[in-house]
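Q: Numbering (numbering that gives the first Met the number 0), first residue to last: 0 to 223. Cβ atoms here follow ideal geometry from the backbone N, Cα and C, with glycine treated the same way.
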Amino acid sequence: MTTTIKSSSLAFQLPLFSPPSKGSGITPAVRSDEPSVPGQRVDHSPYDALRKTAEALVRHQASSRAECDVLLNRLQVKEREIEQQAQAFLTLTEAKAKLELVLENERRAFEKLTFDVVATQALCHNVKDEIATLGGKVSLGEREKGEWTQRLSQLKVDYAQLLERAEVMASRELVQTEELQSLKVTQSKDVAEIARLKTLLDQTQLKMDTFIRDKGTLQSEFEA
């Protein structure tokens with residue numbers, strides 16, 4: 000015959016002894032520590048040893064049950080600790096996954112930043128080269144500016160001289176225009192005088208021709 004002690008997930012089976020029946024052939028155990036002093040009365044009840052054994056078993060069962068309770072409590076504590084550790088592990092795993100995602104994003108951002116830095120450095124080098132080129136062009140422009148300033152000053156002087164010459168030429172042209180007008184008037188008078196003289200010469204030539212004819216006629220008449 001056995002009895003079962005159940006506590007949560009633990010189960011212990013302890014044997015229980017029942018009193019021997021008559022004719023079973025089982026003899027109660029005799030204590031080895033019974034007094035052997037002569038004349039001392041010893042209780043030789045047939046159930047005395049069995050009772051003591053049962054009491055010892057009950058005490059052992061109680062002690063075992065207490066130990067089982069302690070072990071059960073420890074087991075529950077360990078189970079809770081394991082659950083907590085599992086939850087903590089799950090939390091750490093999720094945190095690790097998030098951290099890995101963050102690290103991956105940061106790595107990509109760092110790579111992009113590195114690419115941008117390299118591109119910016121290249122752009123800076125190009126800008127420096129362009130600045131150096133522009134500096135040379137500015138220096139050349141400054142020299143050309145000085146030359147053009149001198150040329151402009153000379154052009155201003157030349158322009159002033161040209162204006163002065165233009166004014167002189169304008170004055171001369173005015174004088175020449177007046178003289179030309181006077182010459183035109185004189186020429187007109189001369190043309191009129193020449194026409195008058197030509198007319199007078201034609202008249203004189205006509206008179207001379209007439210005189211010559213008359214002379215010839217008279218000479219012919221005279222000779223005749």
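1) Going by DSSP in three states, Tyr46 sits in which element: helix, strand or coil?
2) From Lys111 to Asp128, what does the alpha carbon distance come to, in whole angstroms?
3) Could you tell me the alpha carbon to alpha carbon distance between Lys77 and Arg107, rounded to whole angstroms?
4) Take the Cβ of Cys67 as the centre, count every other Cβ of all protein chains shown within 10 Å, and call the residue buried at 16 or more, exposed below.
5) Give the straight-line distance between the Cα atoms of Gln39 and Lys51, rounded to the nearest whole angstrom.
6) Which residues in the same chain as Gln83 place their Cβ atom closer than 7 Å to its Cβ, once the five residues preceding and following it in sequence are excluded?
A: Answer, in terms of the structure:
1) Mapped onto the sequence shown, residue 46 falls at position 47. Looking at Tyr46 - three-state DSSP - the assignment turns out to be coil, as it is neither helix nor strand.
2) Stepping through the sequence shown from its first residue, residue 111 is reached at position 112. Stepping through the sequence shown from its first residue, residue 128 is reached at position 129. Each residue's Cα considered, the two are about 25 Å apart.
3) Along the sequence shown, read from residue 1 onward, the residue named residue 77 stands at position 78. Along the sequence shown, read from residue 1 onward, the residue named residue 107 stands at position 108. If I take the Cα positions, the gap works out to 43 Å.
4) Sequence index remark: in the sequence shown, residue 67 carries index 68 (1-based). Counting Cβ neighbours within 10 Å, Cys67 comes out buried, since at least 16 surround it.
5) Position 40 of the sequence shown holds residue 39. Position 52 of the sequence shown holds residue 51. Here Gln39 scores only 45 on pLDDT, less than 50, and its place in the model should not be relied on; the value that follows carries that caveat. Rounded to whole angstroms, Gln39 to Lys51 spans 20 Å at the Cα level.
6) Sequence index remark: in the sequence shown, residue 83 carries index 84 (1-based). No residues qualify anywhere along the chain.
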